[in-house]
Amino acid sequence: MSASDIHDIEFRSVTKRYGDVTAVTDINLAVPKGAFVALLGPSGCGKTTCLRMIGGFEQPSEGDVFIGDIRVNDLPAYRRPVNMVFQHYALFPHLDVENNVAYGLRQQRPRIASAEIGKRVGAALEMVRLTGFGRRRIHELSGGQQQRVALARAIVNKPKVLLLDEPLAALDRKLRTDMQMELQSLQRDLGITFLLVTHDQEEALSMSDLVCVMSAGRIRQFARPQEVYDRPADLFVADFVGKTNKMTVTAEPGLLRLGNGATLPFAGPERGQAVLALRPEAMRIARSGASGGPLVGEVTHRIFLGSLAEYSVAVPGVGEFLISTNRHGLDANDLIEPGEAVSIGYNPEALRLYPA
Amino acid sequence: MAMTIATRKRLVTALLIGPSAAWLSLFLVLPFIAILVFSVGERAPEGGYQAAFTFAQFMNLPARATAFWNTMILAPVGAFFCLLVAYPTAYYLAIKAPARYRMLLVSLVVVPFWTSLLVRTYAWIFILGARGLPNLLALIGLPDVRLLNTPGAVLLGIVYGYLPLMIMPIYVSLEKLDCRLLEASADLGASPVRSFFNVTLPLSLPGVATGVALVTILLLGEYLIPQLLGGGKVFFIGNALVDLFLQSRNWPYGSAIAVTLVSVVVLIITLAMRLAWRFAGTRQVDLV
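Chains as they are written, first to last, in the numbering used here: chain C, 27 to 382; chain P, 1014 to 1301.
Written out as structure tokens, the structure is:
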């Protein structure tokens, strides 16, 4: 079984430099066939550069990019079996919706019969729920509709891989959530590989089968969304994906010593200075009576979110913690007021320790 | 004195467009009305204008049909050749030229305007005259080549003189072209050549239309270049107008020709812009 039976896209030691600036450093990545993969990272992390190297708009300075079996380093964009949904859609303003969608089919040689083109364009428009919009001009459409046209224009060509460059960034929140679900079901229906670039961790976690977290031109973690969230590979991932409480601790045999001298039980092999990370929802607080645990503090802020309540708790000598509590009932008394003294507990399984 | 916001807005508008409106009314609208009135009048016995209401002058237009015809050929043909030279130049400037030198190169396009067209056209007389290029051609064994006072010389002078006016609007429309559209075109499988014809060219048509309209309109009134480089042998409307107003002092007849010319110009602009809008799918057309 060759690599291409499993992988649609592969980066082998790919580096991309622009003059003195290195955008992508020695990336190795294999995107499994038929997967929905998100490239996630802050702006400037190199995720868009990676996407553009697959699309053929950038050439790697070093290393090889493969689409299926074929090394595509020297293949111009117009010969690559992939299609892209551009960030600002890049729809042709001088063509109507139908002709935008038909554009790719018209470029194919041997020519496709125009009846066939019409049929496939109609099917693509139906897929993105734009039936009847064929004759509209692009500037007559809303942002969400333009987004769908861009999607239809790409998928009508039945690409091996669909590249999506921040496709939902320009949409408002409600529309974005709808489109996230639509993209997911579209991907399932089409069965083709989706590679999505986003800086929105929620989007990456909710839509994709695999998340590739990038930072400063390198891949930090490539794993399933749950894995990325529950077991971040490093502090950057822990920080970037979701919220994380961090504190500097000293690991000693059997315990972790906090900044205020208190200790937490710990069984891991690490020793010396380290950073402890805990998700807000892995922690809990309770009004402390006289009993103090190792972590005792005072609520400084409360953010009420309906089903959840988030508290900022200051622990002297250690720092500020964000703790998220699930409001199980509608007990009027469950909310803790700022200023109250609380003791903090946590789920030891959720505790992660990283080198300082 | 308290002013409502609406009043103040109207005042600002008036102040902004007042000067140009006054200038145009005084020097464009009034003279044009005068010409309209003249065109239905009669030539006074001693020359000039005498009041009347007759369309006799318009009936007489066929007498100058040759000048009209020459102009109607020269203007679009000149504009077309201008376009042939200008488009690649504008394309290079807007898309291929290194960004660092772009502004410098673009300003070079306008440099010829720093000297008068008359002077520059005279320079061509010397270049094309017997002691210029033909002299050099004779040295390499091509004797008796006649360049000056030929239609070719007129065309050359026209392309030379009006080139910047064609380059600029095309440059502007190409410069605004979103290069992501070209990436999208390539992504969808179009080779660079096809991308040019499918995307770049249609989207630059408003600029092309502006340039063609601009140059055609100016050429309709052109008389200097044909006079100097064509040896005055070929008569154009511009020449006819100069002749009628200054020499034979037949103002009504000159006015009738001028009115006809203006009508043709307005018609051409309207048609050209309509066409460009239809192709580009946008009404954003910039007159330079």
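The C-beta atom is built at its ideal place from N, Cα and C for all residues, glycine as well.
For residue 58/C, the secondary structure class from DSSP, reduced to helix, strand or coil, is strand.
Within the same chain, Cβ atoms closer than 6 Å to the Cβ of residue 1102/P are found at 1180, the five residues on either side in sequence being excluded. A straight-line Cα-Cα distance of about 53 Å links residue 273/C and residue 1188/P. Residues of the region 1187–1200 of chain P with a C-beta atom less than 8 Å from some C-beta of chain C are 1191, 1193, 1194, 1196, 1197, 1198, 1199, 1200, listed in chain order.
Where residue 88/C is concerned, the enclosing beta strand (DSSP E) starts and stops at 88–93.
Taken through DSSP and simplified to helix, strand or coil, residue 224/C comes out as strand. In the three-state DSSP reduction, residue 203/C falls in the helix class (H, G or I). Considering only 74/C, 141/C, 276/C, the residue with the shortest C-alpha distance to residue 221/C is 74/C.
Going by beta carbons, residue 347/C and residue 339/C fall inside the 8 Å limit.
Per DSSP, reduced to three states, the secondary structure at residue 1275/P is helical. In terms of CA proximity to residue 301/C, 284/C leads the group 50/C, 93/C, 309/C, 284/C. Bounds of the alpha helix (DSSP H) holding residue 73/C are 73–81. Residue 133/C reaches chain P at 1201, 1202, 1203, 1207, counting residues in chain order whose Cβ is nearer than 7 Å. Closest in alpha carbon position to residue 126/C, among 1211/P, 1253/P, 1043/P, 1047/P, is 1211/P.
DSSP places residue 1177/P in the helix class (H, G or I) of the three-state scheme.
For residue 350/C, there is no enclosing alpha helix (DSSP H); the residue is part of the beta strand (DSSP E) that begins and ends at 345–352. Between the region 1199–1216 of chain P and the region 109–125 of chain C, the count of C-beta pairs closer than 8 Å reaches three or more; the two stretches touch. Annotated as distal: residue 83/C and residue 55/C, with beta-carbon spacing of 8 Å or more.
Checking the DSSP bridge columns, you'll see residue 288/C has no partner listed.
Looking from the CA of residue 1247/P, the closest CA among 1079/P, 1061/P, 1021/P, 1054/P belongs to 1079/P. Cα atoms of residue 230/C and residue 80/C: separation of roughly 19 Å, rounded to the nearest angstrom. Residue 1224/P: not part of any beta strand (DSSP E); member of the alpha helix (DSSP H) spanning 1214–1233, first to last residue. In this structure, residue 1237/P sits away from residue 1135/P, with a CB-CB distance that is not shorter than 8 Å. Taking 8 Å as the CB threshold, residue 81/C lines the interface with chain P. CA-CA distance, residue 368/C to residue 376/C, rounds to 21 Å.
Close CB contacts of residue 185/C within its chain, under the 7 Å cut and outside five residues either way in sequence, are with 107, 108, 109, 218 (chain order). For residue 1212/P, the C-beta contacts it makes with chain C under 7 Å involve 118, in order along the chain.
Taking a contact as a CB-CB distance under 8 Å, the pair residue 1233/P and residue 1278/P counts as one, their CB atoms being some 6 Å apart. Using a Cβ-Cβ cut-off of 8 Å, residue 220/C does not count as an interface residue toward chain P, since no Cβ of chain P sits closer than that to its own. Shown here, residue 114/C sits in coil according to DSSP, grouped into three states, outside any helix or strand. At a cut-off of 8 Å between beta carbons, residue 354/C makes no contact with chain P. For residue 299/C, the number of other beta carbons within 10 angstroms of its own is below 16, and it is reported as exposed. The DSSP-derived three-state label of residue 1247/P is coil. Residue-level contact check: residue 139/C does not touch chain P, since none of the beta carbons of chain P fall below 8 Å from its beta carbon.
Beta-bridge analysis with DSSP links residue 48/C to 43/C.
Here the region 170–184 of chain C makes no contact with the region 233–253 of chain C; the two share fewer than three CB pairs at distances below 8 Å.
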